[in-house]
Amino acid sequence: MPAGRSAATVRRPAGRCPSGWSAESGRGPGGAAYLKLIGSLFADPEADPAAATVAAFTGAAETLRELDFTDPCPIATVALEVASTHEALRRATADVFASWIEALAGFYAGAGIEAETARDTAGSVIALLEGAIMLGRAAHDTAPLLAAARASAAIVRDALGRAG
């Protein structure tokens with residue numbers, strides 16, 4: 001994979017905000033739509049994985065600002081509200097997050113990261129994204145997402161370094 005590939009090689013779905021929201025409607029997709037979005041953001045097997053990860057976080061930050069810091073992830077909101085009180089919804093949100101992690105792990109594994117490390121890396125990246133969105137909403141600022149982008153890129157580069 002060429003190391004010189006940039007974040008610009010990451011493709012965004014036409015007519016959609018980078019995080020998958022429609023800015024016009026103010027409505028976000030559900031878990032399956034986000035899974036599809038992960039597939040589209042990380043579709044280029046030749047893209048630098050760290051740069052693609054930064055581009056996804058940067059796109060989420062742009063969208064969060066465009067949406068005036070409204071909730072870009074209904075799955076996280078539901079998970080936070082019901083994880084300890086509603087077992088069926090807890091399992092459903094866990095399944096959605098697991099599908100996102102597996103999809104992202106597939107991209108990282110395709111870039112040469114060992115499968116278990118790719119899963120760990122993907123889980124860390126999704127956790128950083130979800131936490132950064134929550135902090136960004138609370139602060140009404142994209143800085144947490146941009147900081148998490150840098151941290152995620154470092155995690156991905158570390159995993160790539162262990163693979164090489």
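The sequence shown begins at 1 in my numbering and counts up by one.
We put the CB at the ideal spot given by N, CA and C, even for glycine.
Every value quoted in this text rests on a predicted model; they were computed, and no experiment measured them.
Express the C-alpha separation of residue j and residue i in angstroms, rounding to a whole number.
| i | j | result |
| --- | --- | --- |
| L37 | E66 | 18 Å |
| L41 | A138 | 26 Å |
| G110 | P45 | 7 Å |
Which term fits residue i, buried or exposed, when burial requires 16 or more other beta carbons within 10 angstroms of its beta carbon?
| i | result |
| --- | --- |
| R27 | Only weak support is given to the placement of R27: the predicted model assigns it a pLDDT of 39, under 50, and the value that follows is read from those uncertain coordinates. Per the 10 Å Cβ criterion, exposed. |
| L80 | exposed |
| P144 | buried |
| D95 | exposed |
If we define contact as Cβ-Cβ less than 9 Å, is residue i a contact residue for chain C?
| i | result |
| --- | --- |
| A98 | In the structure shown, chain C does not exist; there is a single protein chain. |
Measure the CB-CB distance between residue i and residue j and report whether it falls below 9 Å.
| i | j | result |
| --- | --- | --- |
| A159 | A118 | yes |
| Y108 | V54 | no |
| A61 | L146 | yes |
| A132 | T58 | no |
| T93 | V82 | yes |
| A163 | E116 | no |
Going by C-alpha distance, which of the options is nearest residue i?
| i | options | result |
| --- | --- | --- |
| A50 | C73, L104, H86, I75 | L104 |
Completely contained alpha helix (DSSP H) runs for the stretch 36-95, where each covers 4 or more residues: 49-66, 74-82
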